[in-house]
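Below is one structure, written out as structure tokens; the observations come after it.
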Amino acid sequence: MEHGRQLPRIFTRPARRFGADNGGSVSLELVLTLPLLLWALAATAVFYDGYRARYQAEMAAQTVADIMSRETDLFTADYVEGLNNVFDFLADSRYPTRIRVSSVIWDSTNQRDRLQWSYGTRGLQGLPDDTFALMQQNDLDTLLGEFGQDTSASFAGAWAQMPVSDLPDRIPPILPGEALLLVETFSIWSPFANVGVGQIRFDPVVVVRPRFAPWINFEGFDPVYPETTYEIAWTGSNDSLPDPGDTTTDPTPPDAGQSFDFERGDTTGWSVSTVTQGGPSGAFLGPFGKETWDRPVSLDVALVQDGNASISFDLLIMDSWDGFSPTYAADHGDIFQIMIDGTPISWDPFEVRLSPPYRNNRSSSGFLNGMTYRVSMSLVRSGTDFMGQIDRVDPDQVWRVTISLENAPQRFVLGLSAGLDEDTGESFGIDNLAVSSSGSLTPMSFAANVAALDTPDPQTRFPRYVGCPEYRISAPWLTMTRDDLPTGITMPREIGGSVSLYDCPSSGGWGYISASPQLVLNYNNLNVLDANSGLLITMDDGNSGYTCDSTLLIRDPNGQFWFNDDYVGWNAGLRIPNPVSGQYVIFLGHYSPGRCMSSLSISRF
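When you line the sequence shown up against the numbering used here, it's residues 117 to 721, in that order.
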């Protein structure tokens, strides 16, 4: 076997000796490593200072934008220049800063944002009128040229005045009749030591909606009014809620089911047998009163098979129901409630005078145990004591009620209940009830997490669930129109929960809340768009929020969340300008864990 040639020892012996030697020169190694250590020390301080400056600039920008959002008066140059001083103080700024504030509306013709006005502080140029047109075309070079030819590394230079390249993407959808405030803040940060990092422009951008006005003008600028008639496409919506107006019928012929006119006194399957003569169409089941809150009038319903069910009846509202009168009504209001197997699916207040909004036809919908339900109520008749001698002389009402159940079980219990405060003088009756069924089971649309079930709401008795806000969980509905808002309505509510909104990032709020909404406002703007008025939804504990510090979260018909913590004192409130028609899902939270009582009011500003 042949072996490779080995190097002579004259070469290998010095190499081995060098490898085994552990001696050295401290002074030489210090000379080699000290520059690197000094650079690392300086770089650490520089990077820390840079991150601190960026964070403080972002927080200061949020604060300044929030201050602007609370204004209602005309903006002036002095006002915005003063806010630049506020920004410097909050950011602890030791470097040049500027603020540019712009009012942005929507241009439906060109499908892009449009400037109402724009102003920059300390000589900073406002945004050019064609900013969004150029950015839509991705023509940033032309836009840069509109800020001048200065290339210096200062705010006189064009690069320092340019908006961020993704500015249109940072502006949320703009509602008809409103304008958003676009607040750009700029800081040119310079490192205090040369560690390989040059000047950096920090440019936080904050977009806010004016809280108390649809838009704010600027002194010296001719106003450009927002459009009020366009429709806008949203990424989110409340379309997952069942449509209460869906009248699609199953092609399968309906089963005859059950029917009752009570003329012969037939109450088979009912939990009560009280039949009274003298109703609008003869005999009716009733009258019943406050005792049904704890012991509902019930009917055992038996369908031919699982599938779809339709239930209709005349609801007789007799005597002096008081709605949400703080003087005469029950604590939870004078309400009528429909239940399936003991769980509410409707919640409807009534009032003897039929004042707004109690005269409105009602609708509601939701999900329950795999079912999709829809309830509608239409006023058929009202007058003065047309029930005869069975009640007092207060005006009586007849409402036609229709209940549609998809995926209904073959057997269930229909419950009818009233929350009233008088032993006599307030009652209801039932007449002309019919039950029919058709079709078969379909895939489930939505089901709440049974494992998260909490105690029922004490005012409405709807189930409450623990978790982040979920607008598809069933809740009471209240129908109001634009004409009802001047009168408004106020109702007591238990608010709060155990889940922090900080753990629910999609909501953008804080405080503690339940997954279940407290109310769904079914609003109709009557096709009137007025940028100077809108929905005013407020809370009031009677003590400026010190007894019950409320937070308010609303999901509008377009799927956008609105949040407020302190509107008057520590009471929450929201102004929604130019509100569209649809369902506003209302969640009522508490600043701290736990629950407390407050009053919810819905009116107009």
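Positions of the beta carbon are idealized from the N, C-alpha and C atoms, including for glycine.
This one's a predicted model, so the numbers in the text were calculated from it and none came from an experiment.
Close Cβ partners of residue i (< 6 Å) along its chain, the five nearest in sequence each way excluded
{"i": "P244", "result": "E262"}
{"i": "M493", "result": "R478, W515, V517"}
{"i": "R497", "result": "V514"}
{"i": "F378", "result": "V391, A399, F400, L401"}
{"i": "L82", "result": "This structure cannot speak to residue 82, because the chain is shown only from 117 to 721."}
Spatial distance of residue i from residue j (CA atoms)
{"i": "I718", "j": "F163", "result": "51 Å"}
{"i": "V311", "j": "H706", "result": "49 Å"}
{"i": "P574", "j": "D285", "result": "44 Å"}
{"i": "T540", "j": "D382", "result": "25 Å"}
{"i": "L637", "j": "C620", "result": "23 Å"}
{"i": "T571", "j": "N424", "result": "29 Å"}
{"i": "G698", "j": "I605", "result": "18 Å"}
{"i": "P465", "j": "G624", "result": "32 Å"}
{"i": "C712", "j": "P320", "result": "38 Å"}
{"i": "L682", "j": "T301", "result": "According to the sequence shown, residue 682 is Asp rather than Leu. Cα to Cα, D682 sits roughly 26 Å from T301."}
{"i": "W593", "j": "V299", "result": "38 Å"}
{"i": "L557", "j": "N694", "result": "41 Å"}
{"i": "A349", "j": "S414", "result": "Low per-residue confidence applies at A349: pLDDT is 45, beneath 50, and the placement is therefore not dependable enough to give any value."}
{"i": "V566", "j": "C584", "result": "14 Å"}
{"i": "L642", "j": "E187", "result": "29 Å"}
{"i": "F337", "j": "F578", "result": "52 Å"}
{"i": "D422", "j": "G612", "result": "38 Å"}
{"i": "Y662", "j": "L652", "result": "21 Å"}
{"i": "V615", "j": "Q252", "result": "41 Å"}
{"i": "R238", "j": "L260", "result": "19 Å"}
{"i": "Q241", "j": "G264", "result": "10 Å"}
DSSP state of residue i mapped onto helix, strand, coil
{"i": "E522", "result": "strand"}
{"i": "F404", "result": "strand"}
{"i": "P473", "result": "coil"}
{"i": "W69", "result": "Any answer about residue 69 is impossible in this case: the structure gives the chain only from 117 up to 721."}
{"i": "S389", "result": "coil"}
{"i": "E197", "result": "helix"}
{"i": "M560", "result": "coil"}
{"i": "W275", "result": "helix"}
{"i": "P608", "result": "strand"}
{"i": "S143", "result": "helix"}
{"i": "T459", "result": "strand"}
{"i": "T540", "result": "coil"}
{"i": "Y211", "result": "coil"}
{"i": "E335", "result": "coil"}
Member of the options whose CA lies at the smallest distance from the CA of residue i
{"i": "N674", "options": "D646, Y639, G710", "result": "Y639"}
{"i": "S397", "options": "K406, V514, L495", "result": "V514"}
{"i": "Q315", "options": "Q178, A329, S554, F271", "result": "F271"}
{"i": "L617", "options": "S708, W593, P602", "result": "S708"}
{"i": "Y587", "options": "E197, F677, S715", "result": "F677"}
{"i": "R469", "options": "N200, S436, Q232", "result": "S436"}
{"i": "N200", "options": "D646, S219, A173, V615", "result": "A173"}
{"i": "E343", "options": "L231, Q634, C584", "result": "L231"}
{"i": "P442", "options": "S426, I433, E467, S428", "result": "E467"}
{"i": "R327", "options": "L296, Y341, S306, F318", "result": "L296"}
{"i": "I215", "options": "A276, L250, D246", "result": "A276"}
{"i": "P434", "options": "Y489, V388, W386, F544", "result": "At residue 434 the sequence reads Met, which differs from the Pro that was named. For M434, the nearest C-alpha among the options comes from F544."}
{"i": "R720", "options": "I692, G710, I702", "result": "I692"}
{"i": "W626", "options": "N680, T603, S649, D646", "result": "N680"}
{"i": "A181", "options": "V324, Y171, S224, Q227", "result": "V324"}
{"i": "I670", "options": "L716, P403, G658", "result": "L716"}
{"i": "W386", "options": "V417, D359, L357", "result": "V417"}
{"i": "T459", "options": "V280, A176, G531, D229", "result": "G531"}
{"i": "G395", "options": "L150, L432, G373, P279", "result": "L432"}
{"i": "D457", "options": "Q241, T384, V529", "result": "V529"}
{"i": "S533", "options": "I287, D410, N254, L357", "result": "D410"}
{"i": "G650", "options": "Y700, Q374, R598, Y628", "result": "R598"}
{"i": "P289", "options": "Q374, W222, S281", "result": "W222"}
{"i": "M278", "options": "L144, G236, S426", "result": "G236"}
{"i": "H448", "options": "T149, P358, T576", "result": "T576"}
Nonlocal neighbours in the same chain, by C-beta distance under 8 Å from residue i, ignoring five residues either side
{"i": "Q393", "result": "A399"}
{"i": "N333", "result": "L190, F191, S219, Q232, W233, P339"}
{"i": "I461", "result": "I454, M455, S480, G482, L484, Y489, V491, I519, S590"}
{"i": "Y211", "result": "A169, S303, I304, W305, S306"}
{"i": "Y581", "result": "A564, N565, A568, L569, D570, I589, S630, A631, S632"}
{"i": "N476", "result": "T595, M596, T597, D600"}
Cut-off 7 Å between Cβ atoms - residues of its own chain near residue i, not counting five sequence neighbours on either side
{"i": "L536", "result": "G405, K406, A446, D450, E542"}
{"i": "S714", "result": "R609, I611, M655, D656, D657, C664, S666"}
Any contact between the stretch 514-532 and the stretch 543-562? By contact I mean 3 or more CB pairs, one from each, below 8 Å.
A contact exists between the stretch 514-532 and the stretch 543-562.
Using 8 Å as the Cβ pair cut-off and three pairs as the minimum, do the stretch 684-691 and the stretch 658-668 touch?
Output reads yes: the stretch 658-668 touches the stretch 684-691.
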